[in-house]
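A.B. asks: Attaching a single structure in structure tokens format; questions to follow.
Residue numbers (the numbering used here): 676 to 854.
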């Protein structure tokens, strides 16, 4: 597990059983996006290939206290893999999550391409900021400790050799309707 932000990052095994990635075959070069539900795309050199950080929030679908990082990530994971939402995802879509209390949690392994920006995920690291920040009737913003932990996470990854050049919110990229 990563040691980031001055404390150990929680691994997925610590808050969810997760999936066994070895049960899914690797995609071959040239596999279409439509066929990618049957296999997983891995990065040969994620430190060089991941060039963009995309920030997300949970939206109104996640009715869990954003201070409880493990419960929040479990709920997002369950929502992503549920056959009821038509996503057909094989795991949580994001690489990391940051709770309102600043806790950082691992999501999808960093060497596996995410599923968080429609069909434009290649080269993009997904970070979920726990909470819903677009409800005009209940305007909530990320906590300062959440912002600080997110910045520290990105800087720590850069310190490990990741070569991010871009940072943006989900809506700045081709969208699939997620927050």
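All C-beta atoms in this analysis are idealised placements derived from N, C-alpha and C, irrespective of residue type, glycine included.
What's the C-alpha gap between residue 733 and residue 823?
C.D. replies: Along the chain shown, one-based indexing puts residue 733 at 58. Along the chain shown, one-based indexing puts residue 823 at 148. Each residue's Cα considered, the two are about 18 Å apart.
A.B. asks: Return the chain-ordered list of same chain residues with a C-beta closer than 7 Å to the C-beta of residue 820, the five sequence neighbours on each side being excluded.
C.D. replies: Translated into the one-based positions of the chain shown, residue 820 becomes position 145. Correct list, in chain order: 776 and 777.
A.B. asks: In the DSSP assignment, what residue or residues form a beta bridge with residue 727?
C.D. replies: As a position in the chain shown, residue 727 is number 52, starting the count at 1. Partner(s): 799 and 841.
A.B. asks: To which residues of the same chain is residue 739 closer than 6 Å at the C-beta, ignoring the five residues directly before and after it?
C.D. replies: Counting from 1 along the chain shown, the entry for residue 739 is found at position 64. Same-chain partners within the cutoff: 746, 747 and 750.
A.B. asks: Helix or strand or just coil, what does DSSP make of residue 780?
C.D. replies: On the chain shown, position 105 is the one that residue 780 refers to. Residue 780 falls in the strand class under three-state DSSP.
A.B. asks: Are residue 727 and residue 798 touching if we call contact CB-CB under 9 Å?
C.D. replies: Here residue 727 refers to the residue found at position 52 of the chain shown. Here residue 798 refers to the residue found at position 123 of the chain shown. Cβ atoms of residue 727 and residue 798: closer than 9 Å.
A.B. asks: What residue range is occupied by the uninterrupted alpha helix (DSSP H) comprising residue 744?
C.D. replies: By one-based count along the chain shown, residue 744 stands at place 69. Residues 744-756.
A.B. asks: Assign residue 788 to one of two classes, buried (16 or more other C-beta atoms within 10 Å of its C-beta) or exposed (fewer than that).
C.D. replies: One-based indexing of the chain shown puts residue 788 at position 113. Its Cβ being crowded by 16 or more others within 10 Å, residue 788 is buried.
A.B. asks: Residue 772 lies in the beta strand (DSSP E); which residues open and close that run?
C.D. replies: Against the chain shown, residue 772 aligns to sequence position 97. Segment 771-773, the beta strand (DSSP E) holding residue 772.
A.B. asks: Taking its Cβ as the centre, do 16 or more other Cβ atoms sit within 10 Å of residue 723, making it buried, or is it exposed?
C.D. replies: Translated into positions along the chain shown, residue 723 becomes position 48. Result: exposed.
A.B. asks: Compare the C-alpha of residue 839 against each of 744, 831 and 737 and name the closest.
C.D. replies: Taking the chain shown and counting its residues from 1, the one referred to as residue 839 is at position 164. Selected option, being the one with the closest Cα: 831.
A.B. asks: Secondary structure at residue 826, three-state DSSP: helix, strand or coil?
C.D. replies: The residue given as residue 826 occupies position 151 in the chain shown. Reduced to three states, the DSSP call for residue 826 is helix.
A.B. asks: How would you call residue 835, buried or exposed, if buried means at least 16 neighbouring beta carbons within 10 angstroms?
C.D. replies: Taking the first residue of the chain shown as 1, we reach residue 835 at position 160. That one is exposed.
A.B. asks: Using the Cβ count rule (16 or more neighbours within 10 Å means buried), how would you classify residue 741?
C.D. replies: In the chain shown, counting from the first residue as 1, residue 741 sits at position 66. Residue 741 should be labelled buried.
A.B. asks: Can you tell me the Cα-Cα spacing of residue 795 and residue 807, whole angstroms?
C.D. replies: Residue numbering aside, residue 795 sits at position 120 when the chain shown is read from its first letter. Residue numbering aside, residue 807 sits at position 132 when the chain shown is read from its first letter. Their Cα atoms are separated by approximately 23 Å.
A.B. asks: Just to check my reading of the structure: residue 782 and residue 803 have Cβ atoms closer than 8 Å, yes? What is that Cβ distance to the nearest angstrom?
C.D. replies: As a first step, residue 782 is located in the chain shown; it is residue number 107 there, counting from the start. As a first step, residue 803 is located in the chain shown; it is residue number 128 there, counting from the start. Correct: roughly 7 Å between the Cβ atoms.
A.B. asks: If you run the structure through DSSP and keep just helix, strand and coil, what is residue 835?
C.D. replies: For the purposes of this step, residue 835 is taken as residue 160 along the chain shown, with counting starting at 1. Residue 835: coil per DSSP, three-state reduction.
A.B. asks: Candidates 754, 809 and 792: which alpha carbon is nearest residue 847's?
C.D. replies: Locating residue 847 in the chain shown gives position 172, where the first residue counts as 1. Here the closest residue by C-alpha is 792.
A.B. asks: Only counting the same chain, and skipping five residues up and downstream in sequence, which positions put a Cβ closer than 6 Å to that of residue 785?
C.D. replies: In the chain shown, counting from the first residue as 1, residue 785 sits at position 110. Result list for residue 785: 721 and 770, in chain order.
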